[in-house]
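Report on the structure given below.
In my numbering, the protein residues as written are 1 to 454.
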């Protein structure tokens with residue numbers, strides 16, 4: 001039994017046809033050879049793009065010389081209405097300054113400090129699912145995991161539940177924004193300066209404006225609470241009170257809005273994607289689900305929930321790691337060469353686009369044993385250990401690794417364990433989800449499962 005994978009594009013297509021396929025779904029627009037190639041070239045009249053899968057080249061770009069391969073704005077241009085100048089899109093000195101302020105909020109004991117809020121959101125998710133799932137009810141689980149992940153973000157960032165009026169409005173507007181904004185903007189193929197019009201739809205601009213307005217209200221409210229010395233000790237307070245150690249500056253309101261927008265996108269959308277695919281794989285492999293449920297029962301029984309219980313879930317962690325291998329929420333990342341390069345005896349000019357694809361790298365036929373199979377036990381094998389070091393990048397790698405990677409792993413493991421402990425998940429005949437990629441890897445028609453309380 002093999003987990004679902006989109007059919008690859010067959011044969012060559014014109015640039016216009018490729019643009020149309022890309023807008024519909026990044027994954028099925030790619031040819032099957034990308035699952036075996038170490039490097040592949042794509043040409044347009046305006047630039048050349050190079051997909052790299054060779055571990056040595058991936059390491060060169062992400063770890064050895066990351067500042068010489070900054071993020072490309074060809075993808076970022078499509079996200080700017082919502083994300084502004086957030087840390088996800090910036091480069092150079094601006095990015096370094098932003099990370100100096102943001103990183104302390106996610107270091108060391110801070111993750112431990114966020115655990116109570118994460119646990120509250122997990123219990124709320126289980127309660128909502130319990131109300132919706134009768135004896136064998138069939139539910140679309142992406143909607144459930146999206147709700148749960150948004151709740152985690154609001155509780156840990158602003159100490160408010162998803163039921164808070166502002167939080168609920170942000171959540172609703174974000175779902176609308178996803179429907180109006182493909183990851184590929186025309187700017188991804190046409191050259192031009194940053195000020196060039198990007199032809200966003202009215203819906204994209206409207207929802208981005210409304211989301212940023214709601215975040216502004218939350219930020220202003222928190223700034224007033226900080227000034228009055230009555231702000232909760234959560235992630236928002238930590239970030240808003242952390243000064244750049246080099247300049248002594250704080251984030252101003254606009255900068256904080258940018259960062260909250262990417263925290264919500266990265267922490268909500270990506271987590272919702274991974275957890276939904278995790279629940280589907282639990283249904284597809286009931287023996288794995290049973291083992292996760294048993295491990296959770298032993299870990300949670302008789303314990304006051306605290307951060308230490310995550311160490312009692314090693315198998316669930318391997319399961320979630322395998323979910324991220326097969327269905328990495330962010331399927332592709334794009335960097336740009338700042339100078340002339342030579343990769344695999346090919347000359348790359350300055351401005352060349354370097355595509356790193358977790359989707360293809362994680363399923364590469366020349367790197368992984370059983371690349372398309374679901375095998376949590378692989379992480380204990382020599383092949384799995386080696387590939388975790390050189391061919392596994394669900395959170396990127398190197399200096400630009402996702403600052404919330406540890407947070408995401410803790411959240412995913414906790415939610416997967418708790419939901420499998422509380423509920424049994426089964427596949428529904430005729431409802432096989434087809435992975436597609438827009439902002440993240442989701443299912444074309446949702447993920448439908450039969451859910452029964454244990």
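Glycine is no exception: its CB is placed at the ideal position from the N, C-alpha and C atoms.
Closest by CA to residue 211, which one among 122, 175, 225 and 385?
Against the chain shown, residue 211 aligns to sequence position 211. Residue 175 is the option with its Cα nearest to residue 211.
On the premise that residue 85 lies in contact with residue 258, defined as a C-beta separation below 8 Å, what is that separation, rounded to the nearest angstrom?
Here residue 258 refers to the residue found at position 258 when the chain shown is read from its first residue. Here residue 85 refers to the residue found at position 85 when the chain shown is read from its first residue. That pair is a contact at about 5 Å.
Opposite residue 71 in the DSSP bridges: which residues?
Locating residue 71 in the chain shown gives position 71, counting from the first residue. Within the DSSP secondary-structure output, residue 71 pairs in a beta bridge with 335.
Counting only beta-carbon separations shorter than 8 Å, does residue 292 have a partner in chain D?
Structure shown: chain D not included; a single protein chain is present.
When you compare only the Cα positions, how much space is there between residue 428 and residue 2?
Here residue 428 is taken as the residue at index 428 of the chain shown, counted from 1. Here residue 2 is taken as the residue at index 2 of the chain shown, counted from 1. If you take the alpha carbons of residue 428 and residue 2, they lie about 16 Å apart.
Quick check on residue 277: does DSSP put it in helix, strand or coil?
One-based indexing of the chain shown puts residue 277 at position 277. DSSP places residue 277 in helix when its eight states are reduced to three.
Should the segment 413-428 be regarded as contacting the segment 273-285, the criterion being three or more beta carbon pairs within less than 8 Å?
Three or more Cβ pairs closer than 8 Å define a contact, and the segment 413-428 meets that threshold against the segment 273-285.
For residue 143, I'd like the list of residues in its chain whose CB is within less than 6 Å of its CB, leaving aside the five on either flank, ordered along the chain.
Taking the first residue of the chain shown as position 1, residue 143 is located at position 143. Nothing meets the Cβ criterion.
Find out if the Cβ-Cβ distance for the pair residue 323, residue 274 is shorter than 8 Å.
For the purposes of this step, residue 323 is taken as residue 323 along the chain shown, with counting starting at 1. For the purposes of this step, residue 274 is taken as residue 274 along the chain shown, with counting starting at 1. Residue 323 places its beta carbon less than 8 Å from that of residue 274.
Cutting at 7 Å between CB atoms, please list the residues of its own chain near residue 245, excluding the five before and the five after it.
Stepping through the chain shown from its first residue, residue 245 is reached at position 245. Here the set comprises 100.
What are the start and end residues of each continuous alpha helix (DSSP H) run of 4 or more residues lying completely inside the segment 104-155, in chain order?
109-132
Do you know offhand how far residue 352's Cα is from residue 264's?
Numbered from 1 along the chain shown, position 352 holds the residue referred to as residue 352. Numbered from 1 along the chain shown, position 264 holds the residue referred to as residue 264. When rounded, the distance between both Cα atoms is 30 Å.
Just to confirm, is the Cβ distance from residue 151 to residue 124 under 8 Å?
Translated into the one-based positions of the chain shown, residue 151 becomes position 151. Translated into the one-based positions of the chain shown, residue 124 becomes position 124. In terms of Cβ geometry, residue 151 and residue 124 form a close pair [threshold 8 Å].
Are the Cβ atoms of residue 5 and residue 358 separated by less than 8 Å?
Here residue 5 refers to the residue found at position 5 of the chain shown. Here residue 358 refers to the residue found at position 358 of the chain shown. Cβ atoms of residue 5 and residue 358: not closer than 8 Å.
Skipping 5 residues on each side, what residues in its chain have a beta carbon closer than 6 Å to that of residue 383?
For the purposes of this step, residue 383 is identified with residue 383 of the chain shown, where counting begins at 1. Here the set comprises 369.
Quick check on residue 25: buried or exposed, where buried means 16 or more other Cβ atoms within 10 Å of its Cβ?
Taking the chain shown and counting its residues from 1, the one referred to as residue 25 is at position 25. Burial is judged here by how many other beta carbons sit within 10 angstroms of a residue's own beta carbon; residue 25 has at least 16 and is buried.
Can the beta-carbon of residue 447 be found less than 8 Å from the beta-carbon of residue 52?
On the chain shown, residue 447 is found 447 positions in, with the first residue counted as 1. On the chain shown, residue 52 is found 52 positions in, with the first residue counted as 1. No, they are not a contact pair.
Please state whether the Cβ-Cβ distance between residue 147 and residue 162 is less than 8 Å.
Numbered from its first residue, the chain shown carries residue 147 at position 147. Numbered from its first residue, the chain shown carries residue 162 at position 162. Cβ atoms of residue 147 and residue 162: closer than 8 Å.
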